[in-house]
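For reference, the structure is listed below as structure tokens.
Residue numbers (my numbering), protein chains in the order written: chain A, 240 to 514; chain B, 15 to 60.
This is the structure:
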């Protein structure tokens, strides 16, 4: 475990797996979307079930990314390790992008289903917007402070991430705690969906060809496989993008350090030669 | 335009565009810093 905490070793391993993650992400992500477009109409929502396959993965990922950034920030603050900080720097733009996708797809889906693009009284919607602002605040905070002192910028950013994780917790449980316009939890996480697919394969699950909603949660059996494939594809795709961005952050750190050394060497030479 | 049509195709379009955009931008910024690093190494070698 500890050997992967070395940034160089971790990046060697991550970059070796990156092309496979990217290829799998593209195939599963876009394949799942095409599958989602061809599903039979839902009993209640008819064709309007289709945005589910792009909205749920992006909304879920927006919370997962922020949650993992907060955990990484906590690790960085406690153990003073640079790798979690680099992860946070790379994950923030990815998280911001998927949050925008969740907001846009949610608004477009909300118009025909909830009769509105946006409702300020709905805590789930407002918390998702707040999450986007938190991603942007973190990015700006670290970039601005890093101009003076990169280590200070990353540290303040980590404190901000740990302190603001409450948004993710609230967003996850708000549909259970309050009466909201947004629908309740659909049980659409990768583990539960995989469980349902496995049970279906073993012949112990519900009727996988039925388009009516399941009793235990909101998603009918026929929609579970395409949703699972799209979620996995989206997660793997953005993980691959995150590895590229981690490499980008590492090279930027190296560039800063080399430039500092170069400037110091020039100053030393100028002083020594008296020019 | 019909709200249902916009909801389905707009959301798929937004998700696909975001994925393609993220891929292109991440690749471009990574290539840019890699070039800068190579340039700096060459300058240091002179």
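Think of the CB as a built atom: it goes at the ideal place given N, C-alpha and C, for glycine as much as any other residue. All figures in this text were calculated on a predicted structure; none of them were measured in a lab.
Item	Value
Have a look at the DSSP bridge pairing and note the partners of residue 285(A).	281(A)
Just the C-alpha distance for residue 287(A) and residue 275(A), rounded to the nearest angstrom, thanks.	11 Å
With C-beta atoms as the reference, is residue 297(A) less than 8 Å away from residue 341(A)?	yes
Taking Cβ-Cβ distances shorter than 7 Å, what residues in chain A pair up with residue 47(B)?	487, 490, 491 and 494
Against chain A, which members of the region 15 to 26 of chain B pass a CB distance test of less than 8 Å?	17, 18, 20, 21, 22, 24, 25 and 26
Does residue 480(A) come within less than 8 Å of chain B when only Cβ atoms are used?	yes
Can you tell me which of 337(A), 363(A) and 302(A) puts its alpha carbon nearest to the alpha carbon of residue 477(A)?	337(A)
Please check if any C-beta of chain B sits within less than 8 Å of the C-beta of residue 350(A).	yes
Using the Cα positions of residue 371(A) and residue 393(A), report the straight-line distance between them to the nearest angstrom.	19 Å
May I ask you to report which of helix, strand or coil DSSP gives residue 307(A)?	helix
Using C-beta distances below 8 Å, list every residue in its chain close to residue 266(A), excluding the 5 sequence neighbours before and after it, in chain order.	472
What's the C-alpha gap between residue 273(A) and residue 33(B)?	15 Å
CB residue 271(A) to CB residue 475(A), shorter than 8 Å?	no
If we cut at 8 Å on Cβ distances, does residue 483(A) have a partner in chain C?	The structure shown contains no chain C; the protein chains it does contain are A and B.
Strictly under 8 Å for the Cβ-Cβ distance: is residue 247(A) near chain B by that measure?	no
Beta-carbon of residue 286(A) versus every beta-carbon of chain B: anything under 8 Å?	yes
Could you work out which residues of chain B lie near residue 272(A), taking near to mean beta carbons separated by less than 8 Å?	26, 29 and 30
Find the residues of chain B that neighbour residue 497(A), judging by a C-beta separation of less than 9 Å, and give them in chain order.	51, 54, 55 and 58
Strictly below 9 Å CB to CB, what residues from chain A border residue 38(B)?	By Cβ distance, chain A contributes nothing, its closest Cβ being about 10 Å from residue 38(B), past 9 Å.
Is residue 17(B) helix, strand or coil by DSSP?	helix
In terms of residues, what are the limits of the alpha helix (DSSP H) holding residue 498(A)?	463 to 512
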